[in-house]
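Notes for the one structure printed next.
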Amino acid sequence: MKHHQQRLPLLLTLALLCLSLVLLVACEGGNVNSETQPGTQAPTEAPTEAPTEAPTEAPTEAPTEALTEAPTEAPTEAPTEAPTEVPTEAPTETPTEAPTEAPTEAPTEAPTEEVTMKTYTVKFVVSNAVENPEDQIVIEGELAYDPVSKGQVAIPENGSHCNGWYTSDTLSEESRFDFSTPITSDMTLFAEIVEPEPPQAITSDWKAMWISQFDMQNVYTSGSRQRNEADYTKRIGEILDNVVASGFNTVIVQMRPYADSMYPSEVYPPSRYTTGSYANDFTYDPMEILIAAAHERDLEVHGWINPLRGMTTTEINQVPAGYKIKDWYTDSSTKGKLVTTVKSNVYLNPAYEEVRQLIIDGAVEILEKYDVQGIHMDDYFYPTTDASFDAVAYNAYKSEGGKLELGEWRRENLNKLVSGLYEATKAHDKKAVFGISPAGNINTVYEAHYADVYKWCAEEGYLDYIMPQVYFGFEHASWAFDKTCKIWQDIIKTEKVTLIIGMSFGKALAKVDNYAGAGKNEWAQHTDIMKRSVEYTANLEKCVGISVFCYQYFYDPVSGRAVAGTAEEVANFVPALKEITWHPEDNEA
């Protein structure tokens with residue numbers, strides 16, 4: 252923007268006089284231009300309301316397999332993330348009174364009922380289009396916008412306030428508003444207004460159930476092949492009916508358990524859990540049917556992926572060539588680097604950019620292919636603390652001058668993966684959410700899995716929610732449910748991240764927790780632990796909901812019969828789930 256210093260004082264004075272005149276006339280309802288005298292006609296329409304849609308919240312999912320806990324430490328089940336509070340929207344200031352001089356027609360009255368105000372960033376540009384169009388005065392400030400009728404602008408230069416009617420029909424991102432067309436000396440006033448993003452991606456109650464590959468294996472398949480499509484469709488409807496009847500509003504559906512795909516994919520090979528064998532292809536798309544049926548029942552769907560864990564070394568031999576994980580495994584130049592083996596499973600190595608990109612590409616494929624509300628990742632990060640897992644990559648890093656010790660370096664590799672997944676999710680749809688469900692024992696998560704949850708929950712650009720798997724009772728000697736929830740809530744330092752608590756009926760079925768110390772028999776002695784757990788989460792300031800593992804603890808997935816071993820615990824839990832809200836203000840409105 253070019254300035255002419257000799258004209259600036261005069262132009263600034265003229266601009267402010269014009270601004271006062273324009274907004275004063277606008278308050279009277281007058282339409283000022285070069286052909287119409289001030290005050291001859293009042294506007295008859297109130298401006299269109301600003302968009303008020305809230306972003307769709309996205310639930311997270313938990314890992315599907317029980318984590319092995321060392322006898323000396325608490326279980327490694329993942330904790331939930333802590334949500335941040337939604338800031339109160341700034342109300343607009345009361346408009347100043349209209350001038351005493353009566354206009355020809357009375358201006359439209361502002362609505363008397365309370366309206367929700369939204370705060371926007373605003374920039375005024377005043378230019379003299381006739382004498383020198385490049386001479387501009389920019390006045391920046393904030394606008395509190397009443398979406399029904401009026402707005403008020405604070406001008407920081409002199410602290411004064413101006414009120415006026417908006418002549419635009421809509422208020423949208425990067426819109427320009429002509430407050431007068433034009434006034435004297437062709438002086439024109441514009442306002443550029445940018446709508447703010449909501450502080451949190453999740454703003455309503457989250458009541459999710461994880462739908463794992465173990466729940467669905469015998470529903471997807473019959474024998475060693477995909478189940479008949481009509482039979483599968485019927486069974487999916489019955490499963491989702493039970494989910495809704497139990498009080499849930501969201502399903503987190505496993506789509507990538509072992510570096511494979513539960514749907515027809517260009518990125519990963521078909522999963523044996525959906526096709527019966529890694530050598531089989533799909534005969535129809537089971538995920539398309541499941542997601543459509545879920546939306547028919549008003550359920551949100553989130554795509555669940557495991558990041559690093561792959562199939563077994565025996566199973567990968569059945570995978571056709573052409574998929575990167577198979578090609579990397581069979582190529583001697585990449586085996587042991589991009590992919591490596593721990594015990595009997597293949598694992599992807601996130602130290603390499605092409606590996607991280609493969610994982611991101613798989614998530615983007617889900618977002619583009621299906622109507623899902625977000626991407627959910629669980630706790631299968633680094634599978635071992637053994638330095639041999641990624642020795643080739645780490646030694647190359649050190650030889651190039653790298654200074655980080657192994658643990659810090661591994662955490663930084665995961666930071667790059669997580670931020671890449673978050674960015675890819677938001678690039679697809681700003682309203683889509685991305686979250687992670689780590690194990691409940693935060694020490695294991697940080698020290699053994701190398702997941703820097705402290706960073707992810709303190710800085711923007713990594714997560715929308717954290718969902719720790721707090722699979723413990725209240726009497727657990729090391730990781731009591733209430734204590735663990737608070738630990739996870741306390742690490743959340745940004746309002747962009749919310750907390751969702753992961754819970755499991757696994758111990759309600761087993762009736763024992765061998766790692767709980769004095770609380771070992773708590774699950775045999777009580778049948779209301781899950782009820783008390785969900786009720787406790789309502790007291791967590793940053794919590795917006797829960798996720799429960801998993802469907803097979805409620806119903807047999809094939810027969811549909813209720814599970815006898817958890818029946819009492821479920822009977823106590825379901826009414827509490829249906830009644831609870833983490834947003835009581837929504838019910839008070």
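In this note's numbering, the protein residues as written are 252 to 840.
We put the CB at the ideal spot given by N, CA and C, even for glycine.
When rounded, the separation of the alpha-carbon atoms in Q569 and V606 is 21 Å.
Here DSSP, grouped into helix, strand and coil, assigns G796 to strand.
In the three-state DSSP reduction, D629 falls in the strand class (E or B). Its chain contains A709 as the residues whose beta carbon lies nearer than 6 Å to that of K744, once the 5 sequence neighbours on both sides are disregarded; these appear in chain order.
The C-beta of A481 has fewer than 16 other C-beta atoms within 10 Å across all chains shown, which makes the residue exposed. By the Cβ rule, the region 554-571 counts as touching the region 627-639, because three or more pairs are nearer than 8 Å. Ranking E616, S729, K575, Y716 by CA distance to the CA of V795 puts Y716 first. Here D764 is buried. Its C-beta has 16 or more other C-beta atoms within 10 Å. Put simply, the backbone Cα of W774 is about 47 Å away from that of T585.
Cβ neighbours of K577 within its own chain (closer than 6 Å, five residues either side excluded): V570. In this structure, S670 lies away from H627, with their beta-carbon atoms at least 8 Å apart.
In the three-state reduction of the DSSP assignment, T564 falls in the coil class, being assigned neither a helical nor a strand state. Cβ neighbours of Y598 within its own chain (closer than 8 Å, five residues either side excluded): L559, R560, G561, V590, T591, T592, P634, F640. W774 carries a helical assignment under DSSP once its states are collapsed to helix, strand and coil. Per DSSP, the continuous beta strand (DSSP E) segment holding T749 begins and ends at 749-755. For the 8 Å CB-CB criterion, K771 and N823 do not form a contact. Around the beta carbon of N790, fewer than 16 other beta carbons sit within 10 angstroms, so the residue counts as exposed. The beta carbon of A827 lies closer than 8 Å to those of K782, V785, E786 in the same chain, with the five residues before and after it left out. For a cut-off of 8 Å, the C-beta gap from I503 to S798 is around 6 Å, short enough to register as a contact.
Our two residues, S455 and I831, have alpha carbons roughly 12 Å apart in a direct line. For a cut-off of 8 Å, the C-beta gap from D511 to S522 is around 4 Å, short enough to register as a contact. Taking a contact to require three or more Cβ pairs closer than 8 Å, the region 650-661 and the region 720-733 do not qualify as touching. By the criterion of a C-beta distance shorter than 6 Å, K829 is surrounded in its chain by G498, once the five residues flanking it on both sides are discounted. Secondary structure note for I542: its alpha helix (DSSP H) is the uninterrupted segment 537-547.
Approximately 5 Å separates the beta-carbon atoms of L491 and A544; this is inside 8 Å, confirming the contact. It is roughly 43 Å from the alpha-carbon of W707 to the alpha-carbon of G474.
Where K588 is concerned, there is no enclosing alpha helix (DSSP H), because DSSP gives it neither an H nor an E. Listed as beta-bridge partners of A769 by DSSP are no residues whatsoever. Ranked by Cα distance from N600, the options Q608, I611, K588, K594 are led by K588. When the five nearest sequence neighbours on each side are left out, the beta carbons in the same chain lying within less than 7 Å of the beta carbon of D622 are those of I542, H546, in order along the chain.
Within the region 612-697, the complete alpha helix (DSSP H) segments at least 4 residues long are 642-650, 657-679, listed from N- to C-terminus. The alpha-carbon separation between G652 and D582 amounts to approximately 28 Å.
The three-state reading of DSSP puts S784 in helix, counting H, G and I together. In the same chain as V518, and ignoring 5 residues on each side of it, the C-beta atoms closer than 6 Å to its own belong to D612, G613, E616, in chain order. Remark: C-beta atoms of Q477 and T565 do not approach each other more closely than 8 Å. A direct Cα-Cα distance of roughly 17 Å separates Y804 from H777.
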